[in-house]
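What follows is one structure encoded as structure tokens, with my remarks underneath.
This is the structure:
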């Protein structure tokens, strides 16, 4: 951490400040007194230091973090890719692209089993489907809840596809474990629900952590750090579009986040082209772009009857459309060093 | 709700679609067939209809909501201001401006009692202070937790100031009730933690609901609607700055949100100039602007030693600075139809 | 255009308003009186109607445009792709991917000719290079101006590569025509310099129109419409990243804009992965993503000595790095129905 | 300027880099070799150094500007407020609040003279009105142009109010000088039209420089610096709302920009509450907030018949509404150390 002091700062103010830093944070401080400004360099573990608090001191002109505030998620300290192993010899983060598909919400047994069968046939290795749904309106369909989890288990029993489904509250953790959920999704709105992240850190179940609506890349990594710090090393990051001023799409897919995350962290990175655009005809080009940019996988909404879906119909593919997209991805994958 | 159909849509497609709408949502549908486009008008309760699902139908060109999706929070149906009554004859939402002040985090008994004493003296009617702190980093100070709640109770016992403090998880609700927290704060990062909102809806304790980092005004009102729909009518909205591209300030105070919220809803609206700007010298002008724009109150961070604060020091006022701001607010209040 | 009237509006207010609409805008108006609201449908040419002015009427609840406000740029009226033909049998907008490469600024004769030679060898068909540079600071290098144009002509003479260079003011138009600039670039900061667009509409030289820093897709199309309306049909759109809250990258590449623009308009769409990210190691993944998303071409910054470049060094590739990217694009192109 | 070098950097790389810096930019460099990182401090005039170019060097980890890149606009070097003197003993930037009012567009002689008369009566000291109008659509009303300038002169002759009107192109400068425009407005879309700024720098006419749609505060100051560097010291900055994700308002008024600009620069700062919100009933609370936050003036749209205005009707006040707002401002001004 580099601290630039204000020109007017006296020697005794500086000395007192340095003593403070050393005592409060257990760091050692190098001082460089220049002609115009004085610069302090903090050596030691600065991850826990609140940069704003340093800045609150009246002799401080500005503060700059040199080291990233995340450690366990940092590729610098873990150069090799994390590969998350799942039932049935599947994995996320390795050479094989992960293809996760299914409806926004689980709606009925015929719906989920039919979709599961179809996406498996199309090439998906994982089934997604929401049992608990975060909805902007309290009056909108909130998911089948426990019944939804049961229907997912049945679809898994029939197709063998591991399940990815969203958990909304610490109160649902036991239920999810009992239902044998293979990958627990943390939605964008809960990305900084720190109590939830902390409890998920005590599990071993892989966590699919979606980037918050307006989270920075660093904040996403810090949210992952909460889970990793608890002991759960199985974190999959998901870019799903960020909020911008553009209104044509629901969100703006931050495609740059894929190569950036791959560089900053060893964790797998998947992309959700369905939520990013919010429009079904955008799923295909965005999915292709994600693969080209280096994503480890895709999570795609598929519904057997999008126009009657209970949620997110506008962005769902039909199974036939999914077949088409999956076939294109399969063909493109080798060009980007992947298999499907 | 107004639905514009695509030009090519056939009569039978239209008829089938209308039948669907009537059966699925229990609305009645008026049809207007124009020379170029056909427009449908839905009559009945459309609040639960997902606008995106309607748009997923291939014959639909666009959809427009005519009625707001929030009902209980809507001023149209509740023209009079909601005034929330608190112990000691205090209220929020009426003629009296509410002044909530205190440190970001409760750090120690001397710290919180000293600050409580000083802000009361300066004119604050409520004491804020975090016992549970949402922090971006898992390695940063996370608050004194239960001990913090206890220290707040002691500060309240000494000064008589009702307590405002943030709750981060459903698991803390009982603790907060037992500790006699007067106003439970829901932080920006939890604004769409719907399970939490739903549980808070079953309490009678007033809820200070902060606007999410990039929540729209409508989303803030829908989050309030979750609490109201559960039966808790005591919701106070808080504008605390939104995330934009501007980096000079931590967030951008959306001052327009104040008069807009006052028009759209009957709920009280307070402003947090400390988090909005993130800089102590900005607190005063932003506080004055908030009062001028019609806010019902302010929530201001005050610390007896900002440069040694364990969190958010950069934006905290000293007690002397707070005295100065409070005095200016007191003087300005009558001009804007308020008292302090 | 659909206008929803407020519930309280009287019959005579409505009649007067309709008469006004018909007289002012020469449209005919269909009225649909529903149980709760009254809806008006405007028939005729509504492109010139200012939606905000309609909304200013106190009996109007809301207004919605059904037709896009752009006509000449609209694919609905020009279903076939526009292919722009350039010297040497080159074209932009057809099956062949356009690869435009070169330095941010023209700096010297050896610099520009060396880079031109190298990018041509790597596969570029066009040479970019700035003679007039829009710089945030008046104290920064502003380009070699006329001398830069001359050096570009010399590089073109030596390599045969057509030139793409930015024009900043109407005062430079004659100079650019005299210098035989093949494609005139309008920079992001001038996207809504309407007087400039209007004058460029009177030329036949192709215009590469960059999306403004925070322009919506519709605003970009409306800017193109200014040029098209003047008679110049040779407009190439360029997505170069938009401004968001994320600070890791200089801008956020809006990859969705590529397929959306290809759907809404017949004009060619190229992507600038150098400015979008602002980081040289991001150029390759973003370039691949752009091709995968359907872009008609790429514009890439290449410098023979990026660390000594007079501008934008941080995002420039070396010629060797460019060779590598170009080879990958060449290999990937057929998968996306293109050749290079 | 502080440069942090990467840990792996060798002594000879560092020496070569330092030599480069000294030769290229004429600065002297202090080196501080720490245990973990090496920090360079540049001394001298670093305003012209492109921070991105420094970052392009492979041994550089990060770069930080310590000094602001603007000099003439910087309050550090010009501590006293700039007060701009105008005909009739008027001034902007001093104790007296500047009240600029008038229609978005000049439409006819009766319109502009009637509005001029009314706003003067209400308390305005300046008349605004657009003769040249930047419009998103080439098909929308583009202003009366030269005739508009003439009508403004007539309105000035009748009322004595100095004129503020927008210039869109360098080609209009002579015309504006001839027409005796008192304050030349540069619109948000032209804030970074650097050639225009440079030419305006050669005039003495005061320039009202509007903040760009998504310009940072620093970019606004750098745009002002272009004008100041040319020799024209009469620059008035105008906050008019920035582009964010919120759709309820046209733009988001960045009220914090007012006190921040007042701290960073000596130039006067006015606020445009009409464009910021885009809604007439928001003008009053935003105007009051602007005064409370320390603005030096306001620019407000007033139209005698907003619903028939040729542009921006939705945000215009009627003269009666303006009277009401002006009266409230007059009453509030002394509280904020101003007069009206």
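Residue numbers (the UniProt record's numbering), protein chains in the order written: chain A, 1 to 340; chain B, 1 to 340; chain C, 1 to 340; chain D, 1 to 340.
Every residue, glycine too, gets a C-beta built ideally from N, C-alpha and C.
Item                                                                                                                                                                                                                  : Value
Within 7 angstroms of any Cβ in chain C, is that where the Cβ of residue 136 of chain D sits?                                                                                                                         : yes
At a Cβ threshold of 7 angstroms, is residue 254 of chain A touching chain B?                                                                                                                                         : no
Please list, in chain order, the residues of the segment 285 to 315 of chain B that have any C-beta partner in chain D closer than 8 angstroms.                                                                       : 285, 286, 288, 289, 290, 291, 292, 293, 294
Along the chain, which unbroken stretches of the alpha helix (DSSP H) at least 4 residues long are found entirely within the segment 223 to 283 of chain A?                                                           : 257 to 264, 273 to 277
Closer than 7 angstroms by beta-carbon distance: list the chain C residues that pair up with residue 214 of chain A, in chain order.                                                                                  : 245
For residue 329 of chain A and residue 327 of chain C, what's the separation of their Cα atoms in angstroms?                                                                                                          : 21 angstroms
State the Cα-Cα distance for the pair residue 103 of chain A and residue 129 of chain A, rounded to the nearest angstrom.                                                                                             : 5 angstroms
Does the beta-carbon distance from residue 224 of chain B to residue 191 of chain B come in below 7 angstroms?                                                                                                        : no
What residue range does the alpha helix (DSSP H) around residue 20 of chain B cover?                                                                                                                                  : 11 to 25
Does the CB of residue 277 of chain D have a neighbour CB from chain B at under 7 angstroms?                                                                                                                          : yes
For residue 32 of chain A and residue 32 of chain D, what's the separation of their Cα atoms in angstroms?                                                                                                            : 6 angstroms
For residue 22 of chain A, I'd like the list of residues in its chain whose CB is within less than 8 angstroms of its CB, leaving aside the five on either flank, ordered along the chain.                            : 28, 29
At a CB-CB cut-off below 9 angstroms, which residues of chain A make contact with residue 61 of chain D?                                                                                                              : 66
Contact check, residue 294 of chain A vs residue 259 of chain A under 8 angstroms by CB: the rounded distance?                                                                                                        : 5 angstroms
Residues of chain A with CB under 8 angstroms from residue 182 of chain B, in chain order?                                                                                                                            : Here the premise fails: no neighbours, minimum Cβ distance about 22 angstroms.
Throw me the rounded Cβ distance for the residue 300 of chain C and residue 268 of chain C pair, which I believe falls under 8 angstroms.                                                                             : So it is not a contact: roughly 16 angstroms between Cβ atoms.
Give the DSSP-derived three-state secondary structure of residue 49 of chain A in the structure shown.                                                                                                                : coil
Going along the chain, which residues of its own chain have a beta-carbon closer than 8 angstroms to the beta-carbon of residue 95 of chain A, five neighbours each way excluded?                                     : 337, 338, 339
Name the DSSP beta bridge partners of residue 37 of chain B, please?                                                                                                                                                  : Its beta-bridge partners do not exist; DSSP assigns none.
With C-beta atoms as the reference, is residue 100 of chain A less than 7 angstroms away from residue 236 of chain A?                                                                                                 : no
Can you name the start and end residues of the beta strand (DSSP E) that residue 301 of chain D belongs to?                                                                                                           : 297 to 301
Which runs of the beta strand (DSSP E) spanning at least 3 residues fall entirely within the segment 73 to 147 of chain A, listed in chain order?                                                                     : 84 to 86, 90 to 92, 98 to 102, 126 to 128
Ends of the beta strand (DSSP E) at residue 210 of chain C?                                                                                                                                                           : 207 to 210
Below 7 angstroms between beta carbons is the criterion; list the residues of the segment 165 to 181 of chain A that meet it against any residue of chain B, in chain order.                                          : 168, 169, 170, 171
Report the option in D:49, D:56, D:50 whose CA atom is closest to the CA atom of residue 5 of chain D.                                                                                                                : D:56
Could you give the DSSP three-state label for residue 170 of chain D: helix, strand or coil?                                                                                                                          : helix
Take the Cβ of residue 82 of chain B as the centre, count every other Cβ of all protein chains shown within 10 Å, and call the residue buried at 16 or more, exposed below.                                           : buried
Would residue 225 of chain D pass as an interface residue toward chain C - the criterion being a Cβ-Cβ separation below 7 angstroms?                                                                                  : yes
Residue 182 of chain B lies in the beta strand (DSSP E); which residues open and close that run?                                                                                                                      : Counting along the chain, residue 182 of chain B falls outside any beta strand (DSSP E), and DSSP gives it neither H nor E.
Could you check what DSSP says for residue 60 of chain C in three-state terms: helix, strand or coil?                                                                                                                 : strand
Could you check what DSSP says for residue 164 of chain B in three-state terms: helix, strand or coil?                                                                                                                : strand
When DSSP builds the beta bridges, which residues end up paired with residue 31 of chain D?                                                                                                                           : D:40
Check the Cβ-Cβ distances between residue 160 of chain C and every residue of chain B, and say whether any is below 7 angstroms.                                                                                      : no
I'd like to know if residue 94 of chain B contacts chain C, where contact means its C-beta is closer than 7 angstroms to some C-beta of that chain.                                                                   : no
Tell me whether the segment 106 to 115 of chain B and the segment 148 to 155 of chain B touch, counting them as touching only if at least three CB pairs, one residue from each stretch, are closer than 8 angstroms. : yes
Against chain B, with Cβ distances strictly below 7 angstroms, would residue 249 of chain D count as a contact?                                                                                                       : yes
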